[in-house]
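A.B. asks: Take the sequence shown: its position 88, counting from 1, is numbered 77 in my numbering, and each next residue is one higher. Glycine included, each C-beta is placed from N, C-alpha and C at the ideal position. The model shown is predicted, which means the values in this text are computed figures rather than measured ones.
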Amino acid sequence: MVTTNTPPSEDQPWAGDLVQLRPGTLENQHPGCWYVVGDIPEPGILELYLEDRHPGYWDFASTAEARDVVRIRRLTLTGARSWTLPATDGGRPR
């Protein structure tokens, strides 16, 4: 969770954020689905899970590169905030 001591980063997801990925990023990707960032085991790599209300929650876990994230939703003390990342990342089209 973000507090006044840890302002949100605009360009990278944090553990606990919800993210949407560039289409075709994951095998068996759920279109339009928000994924929960469970952990960031190494820089640029995200451990992803489905939200607990998703019917496939118990059967899904994956990893993806942070550069494949197109949208972030972050919960803060004042509410939820969502934003879209720029269309390219290091020259790689989304």
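Would the region 63 to 70 and the region 36 to 53 be scored as touching if the rule is three or more Cβ pairs under 8 angstroms?
C.D. replies: no
A.B. asks: Given this structure, state the Cα-to-Cα distance separating residue 73 from residue 8, to the nearest angstrom.
C.D. replies: For the purposes of this step, residue 73 is identified with residue 84 of the sequence shown, where counting begins at 1. For the purposes of this step, residue 8 is identified with residue 19 of the sequence shown, where counting begins at 1. Cα to Cα, residue 73 sits roughly 10 angstroms from residue 8.
A.B. asks: Near residue 59, what residues of its chain come up, given a Cβ to Cβ distance below 7 angstroms and the 5 sequence neighbours on each side ignored?
C.D. replies: Position 70 of the sequence shown, counting from 1, holds the residue named residue 59. Contacts found: 9, 10, 11, 73, 74 and 83.
A.B. asks: The beta strand (DSSP E) that contains residue 39, what's its start and end?
C.D. replies: For this step, residue 39 is matched to residue 50 along the sequence shown. DSSP places residue 39 in the uninterrupted beta strand (DSSP E) bounded by 34 to 39.
A.B. asks: DSSP three-state call for residue 69: helix, strand or coil?
C.D. replies: Numbered from its first residue, the sequence shown carries residue 69 at position 80. Note: residue 69 maps to strand in three-state DSSP.
A.B. asks: If residue 55 and residue 18 are in contact, beta carbons under 8 angstroms, what's the gap, nearest whole angstrom?
C.D. replies: In the sequence shown, counting from the first residue as 1, residue 55 sits at position 66. In the sequence shown, counting from the first residue as 1, residue 18 sits at position 29. 16 angstroms between Cβ atoms; not a contact.
A.B. asks: I need the straight-line Cα distance from residue 52 to residue 40, nearest angstrom please.
C.D. replies: Here residue 52 corresponds to residue number 63 of the sequence shown, with the count starting at 1. Here residue 40 corresponds to residue number 51 of the sequence shown, with the count starting at 1. The alpha-carbon atoms of residue 52 and residue 40 are separated by roughly 15 angstroms.
A.B. asks: Could you say which of 4, 33 and 69 lies nearest to residue 24 if we only look at CA atoms?
C.D. replies: Against the sequence shown, residue 24 aligns to sequence position 35. Minimum Cα distance to residue 24 is reached at 4.
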